[in-house]
Structure formats: structure tokens, C-alpha cells
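**Student:** In our numbering, the protein residues as written are -13 to 325. Quick reminder that beta carbons are idealized off the backbone N, C-alpha and C, glycines included. Computed from a predicted structure; not experimentally measured.
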Amino acid sequence: MTDLRSSINVQHEEGDELSFWSKYPNVQKEMDKVEDVLEKTVKTRRKIVEEASMDLLKAGGKRIRPALTIICAQYGNYDSSKIVPLAAALELFHMATLIHDDIIDNAKKRRGIETAQSKYGKDVAVYTGDYLFSKAFLLAATVNHGEKILHLSRFVKAICEGEIEQHVSKYNYHTSASTYLKRIKYKTALLFGLCCQVGAEISECDPYIIRNLRKYGMALGTAFQLKDDLLDVTGNDETVGKPTGNDILEGVYTLPFLYTIQNTAYGQEVLNILKRHHFTKKDVTEIIHIIKQSGGIQYTKNLEDRYYDKAVSSLKRIPDHECTHILLDLIEMMRHRMS
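1) From TYR252 to CYS309, what distance separates their C-alpha atoms?
2) In chain order, what are the residue ranges of uninterrupted alpha helix (DSSP H) at least 4 long that sit wholly in the stretch 232 to 306?
3) Starting from LYS95, follow its DSSP beta bridges and name the residues at the other end.
4) Are the stretch 177 to 196 and the stretch 43 to 59 touching by the rule of at least three beta carbon pairs closer than 8 angstroms?
5) By the three-class DSSP mapping on this structure, what secondary structure does SER155 have?
6) Could you tell me the distance, in whole angstroms, from the CA atom of ASP214 to the CA atom of THR83?
7) Work out the CA separation of SER300 and ARG97 for me, nearest whole Å.
8) In angstroms, rounded to a whole number, what distance separates the CA positions of LYS44 and ASP315?
9) Determine the contact status of VAL20 and ALA74, defining contact as a CB-CB distance below 8 angstroms.
10) May I ask you to report which of helix, strand or coil DSSP gives MET324?
11) To the nearest angstrom, report how far apart GLN254 and GLU151 are at their CA atoms.
12) Distance check for VAL270 and ALA127, CA to CA, integer angstroms please.
13) Taking three-plus beta-carbon pairs below 8 angstroms as touching, is the stretch 288 to 304 in contact with the stretch 194 to 210?
14) Just checking, does the stretch 233 to 240 make contact with the stretch 137 to 151 on the three C-beta pairs under 8 angstroms criterion?
15) Taking TYR172 as the reference, give the member of ILE276, ALA205 and VAL110 with the closest Cα.
16) Going by Cα to Cα distance, which pick from PHE243, SER8 and LEU42 is closest to TYR157?
17) Do ARG49 and MET81 count as a contact pair if the criterion is CB distance below 8 angstroms?
18) Hey, could you find the ends of the alpha helix (DSSP H) GLN14 is sitting in?
19) Give the list of continuous alpha helix (DSSP H) stretches no shorter than 4 residues that lie fully inside the stretch 35 to 120.
20) Locate the alpha helix (DSSP H) running through SER164, then write down its first and last residues.
21) Relative to the alpha-carbon of THR114, which residue among ILE145, LEU78, PRO71 and CYS146 has its alpha-carbon at the smallest distance?
22) Please list, in chain order, all residues of the same chain as TYR64 whose beta carbon is under 7 angstroms from its beta carbon, the five residues on each side excluded.
23) Would you please state the rounded distance, in angstroms, between the beta carbons of ARG51 and LEU177? I believe it to be under 8 angstroms.
24) Mind checking which residues open and close the alpha helix (DSSP H) that includes ALA205?
25) By alpha-carbon positions, which one of TYR294, ILE89 and ALA59 ends up nearest to HIS322?
26) Taking the alpha-carbon positions, what's the ILE196 to ARG31 distance?
Pasting the structure below:
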């Protein structure tokens, strides 16, 4: 395969993520269609549910998942009438999981705005998440006579298992790195892989191409979650769009924390702080400082880079294509993202 990374020209200033796809007119045109479908789909006579859905929709986001569906579909016989609703359905699934995540985590902010559960209450947030799930299934059912519903049903099952695993593992600092990676596979990576897979399948790509595009998505999704873990301890509230350090406060221990407490001389310091009777945001700040000293940040960053390398390797296994440089470009954008 031709090395296309030399052609990458990624800007990383604030706000660039919103215009990332504009560099690729064929993708941007389809993404605009996805936005139109999303806006039409979340409309309902129950205005409070519509408002809660529209709040999250208008808050933006990177729209990586529908974009992956569109890009991977272009490796085959692209049909916009099938791909756009499928891409929109996958984004609705993602939105639904975010709303339910915020309920479980009692999160106050998401993408820089007040969460549905904070603004409208947990009951409305639950209904909104369920509504988005149902609309996603209905939208996916319009594509290929609903053949992809089985894929989506398996995904919902897997992500629920991942969320349950995260819940039962709260405050458990004995979680191994391999167990943690398995958890984020279900929580994040599977949907990335699914987006790549179904886009390529609908476009009737060769099974070998489908398999490697799915591997690309899985590796990219794992790296994406590891970056989120890093941003929770290295970012700031304004840039990230939600309170940093909240995972530690809520007992959701991510890889930088687990590495520090299990594999370094700094582990006992962290344990001493956790044992305090009144654990506060100030204590979290102290733990983050220890994580930075311990090498936990670099350990996680190195693992993140390994998964980017895996994503690149998957692309090298398939015949060269004009969309490959977009997927490589996406890797570079994600390497440097700050939110």
C-alpha cells in the first residue's frame, strides 16, 4: 500500500473537529444528509423528549461513528439511500448510550452543556434514551429489509454487558489491565467496529476488506477510549466539555489510575487518599498529580499508540483506496484531540 500518511495535514486548534470532514467533500455531503435525518428522526409530539434529544444533537460531537459507516461503505458499491439512514441509526444508538451513561454516572455536563438527567430529571432522561434506541431500530429496519437489526441487537446486548461490568467494578482498584481493556472493548470499540463493518457489508465489499475495516474500527475505538481516559486526568473542564477527574470521584477506575495503584511505588499514596472519610474533588486533584508522577499517563499513552498502530496495520492489509488516506487522517486527528 502507498504510504499516505505523508499527505496528512491536520490542524488541531479549538473547533477544528467540527470542520474535519469538510476537507473531504464526498464525506461532508453525506454527513450533511445524516444531520438532516437525525433532526427529522428525533421529532416527536412529546416535546420534552424532543427537547432533551435536540439538546444533545445540537451540542455537536465529532460524529465519528456515522462518518466511519460512510467512509467504509465507499470501499464498495456506495448507495446513499441505504448508507445515510444506517449511519444516522448508529449515531442515535450512540446518543442513547450517552444519555443512559449520564444517568448512571449522575453527570451534570456533556459536550459542554447540561445533561438530560440534570436538566430534565432522571425519569425524562431514561425515556429519552429509550426513545432514541427505538428510533434507531426503526431507522435501521428501513435498510435492506432490516437485515442489520441482528448486528445492532447484538451490539446493544454487548454494550449493556460492558456497562454492567463497569458498574459492578466500581471502586475496585484490583481490576487488571486485560480486564479493563475487555470492558472498553464492549463499551466503545465494538460500536466503532460495527460502523465500519456494516458500512462495508451494505456496499458488498469483499469479506477480507470487511474483516480488516472492522479490525481498524475496533483498534481505533480502543484508542479513542484510552484517549478519553487520559483526558479525564490531563484535560480541563472547559476543553473536555465535562468535569475532569469525575471517573475517579465516581469510582470508575481507568487505566492511568489502575497502573499507578498496582504497578508503582506511588500506589500506597493513592490508597491512603482513598481511605479518607470525606473524599472530595480536592483529593481527586491530589491523586491526578500522583498519577502524573508515577508514569501512569505515559503508560496509557504508549498503549493508545499501539492501538493506533494496529489500526494502520489493518489498513495496510487491504488494497489501496482513495478513502484510506481519510481513515489515516482520522487516526492523526484522534492522536491529537483535546476533547
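**Tutor:** Once the coordinates are examined:
1) Start at 1 with the first residue of the sequence shown, and residue 252 comes out as number 266. Start at 1 with the first residue of the sequence shown, and residue 309 comes out as number 323. TYR252 and CYS309 have their C-alpha atoms roughly 45 angstroms apart.
2) 232 to 235, 241 to 249, 253 to 260, 267 to 280 and 282 to 302
3) Locating residue 95 in the sequence shown gives position 109, where the first residue counts as 1. Note: LYS95 sits in a beta bridge opposite GLU100.
4) The stretch 43 to 59 and the stretch 177 to 196 touch, with three or more beta-carbon pairs separated by less than 8 angstroms.
5) If you number the sequence shown from 1, residue 155 lands on position 169. In this structure, SER155 counts as coil in the three-state DSSP scheme.
6) As a position in the sequence shown, residue 214 is number 228, starting the count at 1. As a position in the sequence shown, residue 83 is number 97, starting the count at 1. Going by the C-alpha atoms only, they are around 16 angstroms apart.
7) Locating residue 97 in the sequence shown gives position 111, counting from the first residue. Locating residue 300 in the sequence shown gives position 314, counting from the first residue. Roughly 31 angstroms separates the two Cα atoms.
8) On the sequence shown, position 58 is the one that residue 44 refers to. On the sequence shown, position 329 is the one that residue 315 refers to. Approximately 25 angstroms between the Cα atoms of the pair.
9) The residue given as residue 20 occupies position 34 in the sequence shown. The residue given as residue 74 occupies position 88 in the sequence shown. Yes.
10) Here the question's residue 324 lines up with position 338 in the sequence shown. Coil, per DSSP.
11) Counting from one through the sequence shown, the residue named residue 254 turns up at place 268. Counting from one through the sequence shown, the residue named residue 151 turns up at place 165. The straight-line gap from Cα to Cα measures roughly 26 angstroms.
12) Stepping through the sequence shown from its first residue, residue 127 is reached at position 141. Stepping through the sequence shown from its first residue, residue 270 is reached at position 284. Approximately 45 angstroms between the Cα atoms of the pair.
13) yes
14) no
15) Mapped onto the sequence shown, residue 172 falls at position 186. Of the listed residues, the one whose Cα sits closest to TYR172 is ALA205.
16) The count along the sequence shown starts at 1 and reaches residue 157 at position 171. Looking at the Cα atoms, PHE243 is the closest of the given residues.
17) For this step, residue 81 is matched to residue 95 along the sequence shown. For this step, residue 49 is matched to residue 63 along the sequence shown. Going by C-beta atoms, MET81 is not nearer than 8 angstroms to ARG49.
18) For the purposes of this step, residue 14 is identified with residue 28 of the sequence shown, where counting begins at 1. Unbroken alpha helix (DSSP H) run through GLN14: 11 to 27.
19) 50 to 59, 66 to 91 and 102 to 106
20) If you number the sequence shown from 1, residue 164 lands on position 178. Residue range 163 to 170 is occupied by the alpha helix (DSSP H) that includes SER164.
21) By one-based count along the sequence shown, residue 114 stands at place 128. Among ILE145, LEU78, PRO71 and CYS146, the Cα nearest to that of THR114 belongs to LEU78.
22) Counted from its first residue, the sequence shown places residue 64 at position 78. By the criterion of a C-beta distance shorter than 7 angstroms, TYR64 is surrounded in its chain by SER189, once the five residues flanking it on both sides are discounted.
23) Residue numbering aside, residue 51 sits at position 65 when the sequence shown is read from its first letter. Residue numbering aside, residue 177 sits at position 191 when the sequence shown is read from its first letter. A Cβ-Cβ separation of about 6 angstroms places ARG51 in contact with LEU177 under the 8 angstroms criterion.
24) On the sequence shown, position 219 is the one that residue 205 refers to. Secondary structure note for ALA205: its alpha helix (DSSP H) is the uninterrupted segment 193 to 220.
25) Taking the sequence shown and counting its residues from 1, one reaches residue 322 at position 336. Of the listed residues, the one whose Cα sits closest to HIS322 is TYR294.
26) One-based indexing of the sequence shown puts residue 196 at position 210. One-based indexing of the sequence shown puts residue 31 at position 45. Those two C-alpha atoms are separated by around 40 angstroms.
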